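Have a look at the structure below, then the notes.
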Amino acid sequence: MIYQLLTKNKGLISVLAKGIKSKKDYTSLKPFRELKISYIAKDKLSLLTYYEILDDYKNITNTFYLAGIYFNELIYKFVPQQEPSQNIFSLYKDHIIYMSKTSDSIDMVFFKFEILFLKEIGYEITLNNLNKNSIDLNKKYYYDYEVGFKEVQNKIDLKNSINGDDLVFYLNNKLFLIKNIKTFRVIIKNIFQRLSGGTKIKSYDLF
Numbered sequence: 416m417i418y419q420l421l422t423k424n425k426g427l428i429s430v431l432a433k434g435i436k437s438k439k440d441y442t443s444l445k446p447f448r449e450l451k452i453s454y455i456a457k458d459k460l461s462l463l464t465y466y467e468i469l470d471d472y473k474n475i476t477n478t479f480y481l482a483g484i485y486f487n488e489l490i491y492k493f494v495p496q497q498e499p500s501q502n503i504f505s506l507y508k509d510h511i512i513y514m515s516k517t518s519d520s521i522d523m524v525f526f527k528f529e530i531l532f533l534k535e536i537g538y539e540i541t542l543n544n545l546n547k548n549s550i551d552l553n554k555k556y557y558y559d560y561e562v563g564f565k566e567v568q569n570k571i572d573l574k575n576s577i578n579g580d581d582l583v584f585y586l587n588n589k590l591f592l593i594k595n596i597k598t599f600r601v602i603i604k605n606i607f608q609r610l611s612g613g614t615k616i617k618s619y620d621l622f
């Protein structure tokens, strides 16, 4: 059985787990478990020799479990193999802990991960020439995928536009005050699709 593991010091690695035959082993190596591992490093496919469960985050609900599948797909698509990234590891771990405890909406859980993940891979949502002081709370803004947010000037730009007050809440990291998280998430979805050459993020459509 081949597993993809996100590690703190080596990034995303592929390991071959020989001898994983029992139901207990399969259960132990389910997604979203923090493991202590030993492995023999190989160029392409390392050999897993030992694992120990440190935390199984068993309080994660089924809905958030599906959200984790989406996060896994993003990491698999956009994080290169064997490229160390402690920030990505910490983001993922912190979010798994968060999902095991929170009563937030599923959109909020997605949104928090997405904006931080985009920042970590170098594609943070940008403002073009706008700044917080120049944003009119009563106007609408659309996202130009080449330069960032711009003020809406015509009807075409109204599609997937953001109210000025929501944009300011986003910039001030007051995410719980944003009324239209879904439109922000459509923008983020489009960014991911552009980064993947138009390929769909399959698990996005689970919700």
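Quick note: the sequence shown uses my numbering, first residue 416, plus one each step. Note that beta-carbon positions come from the ideal geometry of N, C-alpha and C, so glycine has one too. Quantities reported herein were computed from a predicted structural model and do not represent experimental measurements.
Nearest to D398 by alpha carbon, out of N544, L552, T464, D470?
With the chain running from 416 to 622 in the structure shown, residue 398 is simply not present.
Counting only the same chain and skipping the five closest in sequence on each side, list residues whose C-beta sits under 7 Å from that of S453.
Within the sequence shown, residue 453 is the residue found at index 38, counting from 1. T464, Y465, listed in sequence order.
How far does the alpha helix (DSSP H) with D522 in it extend, from its first residue to its last?
Numbered from its first residue, the sequence shown carries residue 522 at position 107. Start and end: 521 to 535.
Quick one: is G483 buried, meaning 16 or more other Cβ sit within 10 Å of its Cβ, or exposed?
Indexing the sequence shown from 1 puts residue 483 at position 68. With a 10 Å radius around the Cβ and a threshold of 16 neighbouring Cβ atoms, G483 comes out buried.
Spatial neighbours of K529 in its chain, beta-carbon cut-off 6 Å, leaving aside the 5 residues before and after:
Looking up residue 529 in the sequence shown gives position 114. For the sequence presented, residue 529 should be read as Glu rather than Lys. Correct list, in chain order: I603.
Thinking just about the alpha-carbon of each residue, which of Q496, L469, N487, K589 is nearest to the one in D458?
Looking up residue 458 in the sequence shown gives position 43. Here the closest residue by C-alpha is Q496.
Would the segment 497 to 507 and the segment 418 to 426 be scored as touching if the rule is three or more Cβ pairs under 8 Å?
Verdict: yes, contact present.
contact_flag[the segment 563 to 579, the segment 539 to 554] where n(CB pairs < 8 Å) is 3 or more:
Counting Cβ pairs under 8 Å, three or more are found: they touch.
Among the candidates L586, I577, L533, whose CA atom is the shortest distance from the CA of R609?
Translated into positions along the sequence shown, residue 609 becomes position 194. It is L533.
Inter-residue spacing [alpha-carbon to alpha-carbon] between K527 and S520
For the purposes of this step, residue 527 is taken as the residue at position 112 of the sequence shown. For the purposes of this step, residue 520 is taken as the residue at position 105 of the sequence shown. Whole-angstrom Cα-Cα distance: 11 Å.
Does the Cβ of M514 have 16 or more other Cβ atoms within 10 Å, making it buried, or fewer, making it exposed?
Residue numbering aside, residue 514 sits at position 99 when the sequence shown is read from its first letter. By the neighbour-count rule (16 or more Cβ atoms within 10 Å), M514 is buried.
If we call anything under 9 Å between Cβ atoms a contact, is F607 one with F493?
As a first step, residue 607 must be located in the sequence shown, where it is residue number 192. As a first step, residue 493 must be located in the sequence shown, where it is residue number 78. If you check the CB distance, F607 and F493 come in under 9 Å.
By DSSP's criteria, G563 is part of a beta bridge. Which residues make up the other side?
Translated into positions along the sequence shown, residue 563 becomes position 148. L542, D559, per the DSSP bridge assignment.
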